[in-house]
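There are 2 protein chains.
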Amino acid sequence: MQTLLENVRPWGGPAADIRISDGVIASIAPRTSDSAVAGDPATRFIDGQGLLALPGFVNAHAHLDKSWWGKPWVSYGGEATTLGRIAHEREHRGELGIPSVDSAVALLGALVAQGTTAFRSHVDVDLGVGLDGIQVVRDAVGALGVPVALEIVAFPQDGVLRRPGVLDLLDRAAAEGADHVGGLDPASIDRDPVGQLDALFDIADRRGVGVDIHLHDGGELGAFQYELIIERTLATGLAGRVNVAHGFAIGELAPARQQKLIEGMREAGVSITTVAPINAPRLPLDALRAAGVPVGLGTDGIRDLWGPYGDGDLLRLATRLAQLSGARRDDELTAAVRLATSDAAGFVGRASHDLVVGSPADIVLLDAENVPEALVAAPPRRLVLVGGVEFPVA
Amino acid sequence: MQTLLENVRPWGGPAADIRISDGVIASIAPRTSDSAVAGDPATRFIDGQGLLALPGFVNAHAHLDKSWWGKPWVSYGGEATTLGRIAHEREHRGELGIPSVDSAVALLGALVAQGTTAFRSHVDVDLGVGLDGIQVVRDAVGALGVPVALEIVAFPQDGVLRRPGVLDLLDRAAAEGADHVGGLDPASIDRDPVGQLDALFDIADRRGVGVDIHLHDGGELGAFQYELIIERTLATGLAGRVNVAHGFAIGELAPARQQKLIEGMREAGVSITTVAPINAPRLPLDALRAAGVPVGLGTDGIRDLWGPYGDGDLLRLATRLAQLSGARRDDELTAAVRLATSDAAGFVGRASHDLVVGSPADIVLLDAENVPEALVAAPPRRLVLVGGVEFPVA
Numbered sequence: 000m001q002t003l004l005e006n007v008r009p010w011g012g013p014a015a016d017i018r019i020s021d022g023v024i025a026s027i028a029p030r031t032s033d034s035a036v037a038g039d040p041a042t043r044f045i046d047g048q049g050l051l052a053l054p055g056f057v058n059a060h061a062h063l064d065k066s067w068w069g070k071p072w073v074s075y076g077g078e079a080t081t082l083g084r085i086a087h088e089r090e091h092r093g094e095l096g097i098p099s100v101d102s103a104v105a106l107l108g109a110l111v112a113q114g115t116t117a118f119r120s121h122v123d124v125d126l127g128v129g130l131d132g133i134q135v136v137r138d139a140v141g142a143l144g145v146p147v148a149l150e151i152v153a154f155p156q157d158g159v160l161r162r163p164g165v166l167d168l169l170d171r172a173a174a175e176g177a178d179h180v181g182g183l184d185p186a187s188i189d190r191d192p193v194g195q196l197d198a199l200f201d202i203a204d205r206r207g208v209g210v211d212i213h214l215h216d217g218g219e220l221g222a223f224q225y226e227l228i229i230e231r232t233l234a235t236g237l238a239g240r241v242n243v244a245h246g247f248a249i250g251e252l253a254p255a256r257q258q259k260l261i262e263g264m265r266e267a268g269v270s271i272t273t274v275a276p277i278n279a280p281r282l283p284l285d286a287l288r289a290a291g292v293p294v295g296l297g298t299d300g301i302r303d304l305w306g307p308y309g310d311g312d313l314l315r316l317a318t319r320l321a322q323l324s325g326a327r328r329d330d331e332l333t334a335a336v337r338l339a340t341s342d343a344a345g346f347v348g349r350a351s352h353d354l355v356v357g358s359p360a361d362i363v364l365l366d367a368e369n370v371p372e373a374l375v376a377a378p379p380r381r382l383v384l385v386g387g388v389e390f391p392v393a
Numbered sequence: 000m001q002t003l004l005e006n007v008r009p010w011g012g013p014a015a016d017i018r019i020s021d022g023v024i025a026s027i028a029p030r031t032s033d034s035a036v037a038g039d040p041a042t043r044f045i046d047g048q049g050l051l052a053l054p055g056f057v058n059a060h061a062h063l064d065k066s067w068w069g070k071p072w073v074s075y076g077g078e079a080t081t082l083g084r085i086a087h088e089r090e091h092r093g094e095l096g097i098p099s100v101d102s103a104v105a106l107l108g109a110l111v112a113q114g115t116t117a118f119r120s121h122v123d124v125d126l127g128v129g130l131d132g133i134q135v136v137r138d139a140v141g142a143l144g145v146p147v148a149l150e151i152v153a154f155p156q157d158g159v160l161r162r163p164g165v166l167d168l169l170d171r172a173a174a175e176g177a178d179h180v181g182g183l184d185p186a187s188i189d190r191d192p193v194g195q196l197d198a199l200f201d202i203a204d205r206r207g208v209g210v211d212i213h214l215h216d217g218g219e220l221g222a223f224q225y226e227l228i229i230e231r232t233l234a235t236g237l238a239g240r241v242n243v244a245h246g247f248a249i250g251e252l253a254p255a256r257q258q259k260l261i262e263g264m265r266e267a268g269v270s271i272t273t274v275a276p277i278n279a280p281r282l283p284l285d286a287l288r289a290a291g292v293p294v295g296l297g298t299d300g301i302r303d304l305w306g307p308y309g310d311g312d313l314l315r316l317a318t319r320l321a322q323l324s325g326a327r328r329d330d331e332l333t334a335a336v337r338l339a340t341s342d343a344a345g346f347v348g349r350a351s352h353d354l355v356v357g358s359p360a361d362i363v364l365l366d367a368e369n370v371p372e373a374l375v376a377a378p379p380r381r382l383v384l385v386g387g388v389e390f391p392v393a
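First to last, the protein sequences are chains V and U.
Just so we're aligned, residue 0 is where the first sequence starts under numbering that gives the first Met the number 0, counting upward by one.
Just so we're aligned, residue 0 is where the second sequence starts under numbering that gives the first Met the number 0, counting upward by one.
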């Protein structure tokens, strides 16, 4: 069975027909050529109504196991520190039925309905839930009925070395198919940056998985840990498989020091993911891109025990990232949409994630004149295809 | 003719019936009491379906004359400086038919459909358009068919003293009914902070209007102009009628210096409006509120020659303000909605703008469990009443 998505404007260009076969984009033809298979019973036709077509959005930093989305309102009650929030979450998640497949499906359904078709999700791995969360997220994605892309980061939210047993859990997660081992503020949480990082890179090296480390630590303490990560990436040859998440420190450094870190990331093959925070030092987005360091965009947690914010709309988040970086020109606005879609293929293990032949048929239609308008307006999604399969829009 | 808005939850409280008479809230009764006038032919009934009711949103800093909303996309092309953008706008607005009633109606329609029912709008007054923009905005509001509240700030976007003739225009605007004279960076644009401010306060004092000054200047230069404004407010006795717009400088000061300015604002009766910018120093929101300094929230320009951003949704803007100020607890989230509604009455010349008897019947219904959820989700507006008159929602 083929699908012909007729009369859409890929990336705001001229109207085209997109043929989808086996979940993959098989051809993109100018709309002027009449479809030869009109009426073909083996082809499903979708009228794209001249809408703008974008690739599915890529959520490069999600926490799909944590949310209370779809449940009655949960008032925030934790202490306003990272350690306080970690403790608060571990104390109360059980009461909310977190993690569970139902919870994760509720959140995922809302996210896919907004056009996100690929996720890199950190999933809590700790002495309380063990590896259960990973299976929960896998099962939830499986329950969606569309071939959403998923990479799993086994995430030691409660710490690594400070919680004996967690390293073994991470090792087991990697052995059992997690795509990355995670980490968390090796200095400020575990109090042993070298110890945590050595241990994580050892697992990654032995198991052939990636590393994706939450790094909230600021200033020179954060910068030092960037350096440790860069050194270990070079030493293990894990180029292209190591990511710093948040990495606020780089926004606080003087330009010359910042540039040196960026050079180090480029040389070692270390990427960075941001959640476009509005209360953090400004990420040097232009310099990172100029150096060719991949930058991914993610939602972070959404309505969880860390805080009540978030609707999961990656396009709206791309608007915020563009605003944060001072983008106003059309090419800058378009680049922000690229960052959240085609440029993020590597964050979800794909060679290509775009409106091109051979890419998975992850396609979002929306009513916008052009890509810049799609970015600033973030209009409702009119159609979402995941691997050529339609998912109901919000 | 009365209206009975049945079965709504004012501020998320118990279900109630709101009776509206002559455009004003006449009573709010618990839903348990059966309406005695059911079937009364002189009463119009609206089924509120148990939705959450909020007061209409107050846009305390708009530029209703500037937008190209509703027109084909306009690529941004100005130089990235305030002076560059001023020149760019003056050069190209004519081509876009700005200002015009049609343009302003297109924008206003979208804003009211999202539940904004009261505006304080700066309107460009300069040697090019003279006072035409003010009439354009008045006519546009008049064309909406609902009693939207409007205060006009005669805004010298192109400068005051540096453009001989503009002071006369501002004086005439005040004589002809503008509610406030505006100003713009007395130091960095006009190069004469004392001169500009003396001239503006002279007009305000003579004409009995307010003062609302755009102050982008940062650091000590901005702080100095805060002081000049405070001194002149005290001298003229214009307490409660003077506002600093943006006022980024206060966010850059050390806490003690910041607190001294806030004390000065409180003593003199100077308010501040913010557009919740994500790239500016953080406004000391808690300290301003603790001191009783009124804080208003506005959209700033939307899709204009200054930049392409903005959808005008005040509720979503309140979400951003809450995030900027680190709000997570329910009371903090609710306070952000209050700031954008009931607490902003004074910015649009109202004694009361709330879901209380005697207030104008500006009421917005939306589907949310409670006020905090309304803030973080900013769901679609289900009903918008302006002075008891329904306006079609987006």
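C-beta: ideal position from N, C-alpha, C; glycine also.
Quick caveat, the model's predicted, so the values are computed rather than measured.
Nearest-angstrom Cα distance between residue 401 of chain V and residue 121 of chain V? There is simply no residue 401 of chain V to check, as chain V begins at 0 and stops at 393 in what is shown.
Does the CB of residue 286 of chain U have a neighbour CB from chain V at under 8 Å? By the rule that beta-carbons nearer than 8 Å mark a contact, residue 286 of chain U does not touch chain V.
Is any beta-carbon of chain U found at less than 8 Å from that of residue 112 of chain V? no
Can you check whether the C-beta of residue 376 of chain U is within less than 8 Å of a C-beta belonging to chain V? yes
Spatial distance of residue 288 of chain U from residue 332 of chain U (CA atoms): 14 Å
Within its chain, find whatever has a CB closer than 7 Å to the CB of residue 25 of chain V; leave out the 5 residues flanking it on each side and keep chain order. 18, 19 and 356
Hey, residue 214 of chain U and residue 243 of chain U: beta-carbon distance below 8 Å or not? Here residue 214 of chain U is near residue 243 of chain U, since their CB atoms are less than 8 Å apart.
Assuming contact is defined by CB atoms lying nearer than 8 Å, are residue 360 of chain U and residue 386 of chain U in contact in what I supplied? Taking 8 Å as the Cβ cut-off, residue 360 of chain U and residue 386 of chain U qualify as a contacting pair.
Going straight from the alpha carbon of residue 83 of chain V to that of residue 77 of chain V, what length do you get? 6 Å
Does the pairing of the region 371–381 of chain U with the region 344–354 of chain U give three or more beta-carbon distances under 8 Å? no
Going residue by residue through the region 325–358 of chain V, where are the continuous alpha helix (DSSP H) segments of at least 4 residues, counting only ones entirely within it? 329–338
Three-state secondary structure assigned by DSSP to residue 393 of chain V: coil
Can you give me the C-alpha to C-alpha distance between residue 61 of chain U and residue 230 of chain U, rounded to a whole angstrom? When rounded, the distance between both Cα atoms is 26 Å.
Residue 72 of chain V CB to nearest chain U CB: under 8 Å? yes
Rounded straight-line distance, which links the Cα of residue 270 of chain U to that of residue 258 of chain U: 14 Å
Counting C-beta neighbours from all protein chains within 10 Å, is the total for residue 324 of chain V 16 or more, i.e. buried, or is it exposed? buried
Looking only at DSSP bridge pairs, what is residue 148 of chain V linked to? V:117
Of the residues V:342, V:343 and V:307, which one's Cα is nearest the Cα of residue 74 of chain V? V:307
Report the partner residues of residue 9 of chain U according to the DSSP bridge assignment. U:52
So, using beta-carbon positions, are residue 31 of chain U and residue 313 of chain U closer together than 8 Å? no
What residue range is occupied by the uninterrupted alpha helix (DSSP H) comprising residue 379 of chain U? Element bounds for residue 379 of chain U: n/a, residue is neither H nor E.
Residue 89 of chain U versus residue 97 of chain U: straight-line alpha-carbon distance, rounded: 10 Å
On a Cα-Cα basis, can you pick out the residue from U:107, U:3 and U:143 that is closest to residue 23 of chain U? U:3
Under the three-state reduction of DSSP, which class applies to residue 270 of chain V: helix, strand or coil? Per DSSP, reduced to three states, the secondary structure at residue 270 of chain V is strand.
What is the DSSP secondary structure of residue 66 of chain V, reduced to helix, strand or coil? coil
From residue 103 of chain V to residue 224 of chain V, what distance separates their C-alpha atoms? Distance between the alpha carbons of residue 103 of chain V and residue 224 of chain V is about 32 Å.
Neighbour flag for residue 325 of chain V against chain U, beta carbons, 8 Å: The beta carbon of residue 325 of chain V falls within 8 Å of a beta carbon belonging to chain U, placing the residue at that interface.
Counting only the same chain and skipping the five closest in sequence on each side, list residues whose C-beta sits under 6 Å from that of residue 282 of chain V. 250 and 273
What does the Cβ neighbour count give for residue 80 of chain U, buried or exposed, with the cut at 16 atoms within 10 Å? exposed
Where residue 31 of chain U falls: helix, strand or coil (DSSP): coil
Residue 193 of chain V burial status per 10 Å Cβ neighbour count (16 or more: buried): exposed
Can you give me the C-alpha to C-alpha distance between residue 166 of chain U and residue 180 of chain U, rounded to a whole angstrom? 10 Å
Let me check one thing: in DSSP terms, what residues is residue 212 of chain U bridge-paired to? Answer is U:182 and U:243, bridged to residue 212 of chain U.
Less than 8 Å between the beta carbons of residue 335 of chain U and residue 113 of chain U, yes or no? no
Cutoff 8 Å: residue 277 of chain V Cβ touching any chain U Cβ: yes
Taking only beta-carbon positions, decide if residue 310 of chain V is within less than 8 Å of chain U. yes
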